[in-house]
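Have a look at the structure below, then the notes.
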Amino acid sequence: MANSATASDRLRAILVIVATVGTIVFNWLAATGRIGGITPGFISDRYATPITPADYAFTIWSLIYLGTAAFSVYQLLPANLVPMRSLRSLYIAVCALNCAWLYFWLGGRIDICLVILSAMWLILLFINFRFRDADNLSEYWMAKAPFNLYLGWMTAAWVLNLAVLLVSMNITLSATMAAVIILLLGAAAIGLRILLNAPLTAFAAAWAAAAIGVQQSGQTAVVVAAATATIACLIAALTFVLRLPTRKAVTE
């Protein structure tokens, strides 16, 4: 029965919880140097680029993991077992790719990392299409918002990973090239915000751009581009206040 929760639905709902916890634990182990004896930051420092952000930028993962934890609980509720059916395998795949990215990053395989991020980005894009129009406030904050933020950060992460790959290949990025890349990141995030009605996607890009500006304070072109992208993305993101589905939530 397509409209009734099955044993498979319940099993996958539990696997979502397991995947979330596993991903958070794996990331904690990596961040504390318990995997391979080095941290992700060590690799980032080895391949510094003109768009490397300040370290605080990566604290956004705390919000992302808080959001995915909220989604994991939300999809487990009886009322959501069927509606979330098509997304569980995709989400579990994202968690697996997240851990795979960390493994290869710590191993210095930046090329493989870029491929993994590309796959993650595409899956998150598909998930965000599902939540383009949230049915109510609960779905908005427990599902749509976390994946908006995740997609936005993955967009920034893909660009950063590409820059690291180029530097690892001894390809020099000039300040002008870095500025163009930052502006393209901002444009991409705003495009996703419009296409998916995903305001927090733009917020994540603004967060990344601001952190790049802070870290690269000695590069005028980079700072100007970062400030421009930050302001533009924040304007795009803050319009979400007018788009919250409060009226729809009440009527339904």
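For the sequence shown, my numbering puts the final residue at 254, and the numbers step up evenly by one. Ideal Cβ placement from N, Cα and C applies to all residues, glycine included. Quick caveat, the model's predicted, so the values are computed rather than measured.
In this structure, how does DSSP classify residue 179 when only helix, strand and coil are distinguished? helix
Using a Cβ-Cβ cut-off of 7 Å (strictly less than) and excluding sequence neighbours within five positions of residue 11, which residues of its own chain qualify? 83, 84 and 87
Give a yes or no on whether the C-beta atoms belonging to residue 62 and residue 206 are separated by under 8 Å. yes
contact_flag[the segment 63-73, the segment 121-137] where n(CB pairs < 8 Å) is 3 or more: no
Just the C-alpha distance for residue 43 and residue 174, rounded to the nearest angstrom, thanks. 21 Å
Ignoring anything shorter than 4 residues, give me the alpha helix (DSSP H) runs that lie fully in the segment 85-159, in order along the chain. 87-108 and 112-132
Contact check, residue 90 vs residue 14, beta carbons under 8 Å: yes
Rank 232, 144 and 107 by C-alpha distance to the C-alpha of residue 209 and give the top, closest one. 232
Among 241, 177, 237 and 200, the one whose alpha carbon lies nearest that of residue 220: 177
Sequence-distant residues of its chain with Cβ nearer than 8 Å to residue 147 (five each side left out): 69 and 202
From the DSSP output, in three-state form, read off residue 162 for me. helix
Nearest-angstrom Cα separation, counted from residue 236 out to residue 19: 32 Å
Quick one: what does DSSP say residue 49 is sitting in, helix, strand or coil? coil
Beta-carbon proximity check, residue 180 vs residue 53, cutoff 8 Å: yes
Just to check my reading of the structure: residue 161 and residue 187 have Cβ atoms closer than 8 Å, yes? What is that Cβ distance to the nearest angstrom? 5 Å
Where residue 80 falls: helix, strand or coil (DSSP): helix
Between the alpha carbons of residue 16 and residue 98, how many angstroms are there, rounded? 15 Å
Which residue marks the beginning of the alpha helix (DSSP H) containing residue 217, and which one marks its end? 201-217
Euclidean distance between Cα positions of residue 22 and residue 59: 21 Å
Boundaries of the alpha helix (DSSP H) in which residue 6 is found, first to last residue: Segment: none, residue 6 is in no alpha helix (DSSP H) and carries neither H nor E.
What separation, rounded to the nearest whole angstrom, lies between the Cα atoms of residue 6 and residue 75? 19 Å
Can you tell which of 120, 79, 149 and 80 has the C-alpha that lies nearest to the C-alpha of residue 93? 149
Only counting the same chain, and skipping five residues up and downstream in sequence, which positions put a Cβ closer than 6 Å to that of residue 35? 41
Given a cut-off of 8 Å on the beta-carbon distance, is the pair residue 119 and residue 156 in contact? yes
Short check: CB of residue 196 to CB of residue 224, under 8 Å? no
Closest to residue 168 by C-alpha separation, out of 212, 28 and 116, would be which residue? 116
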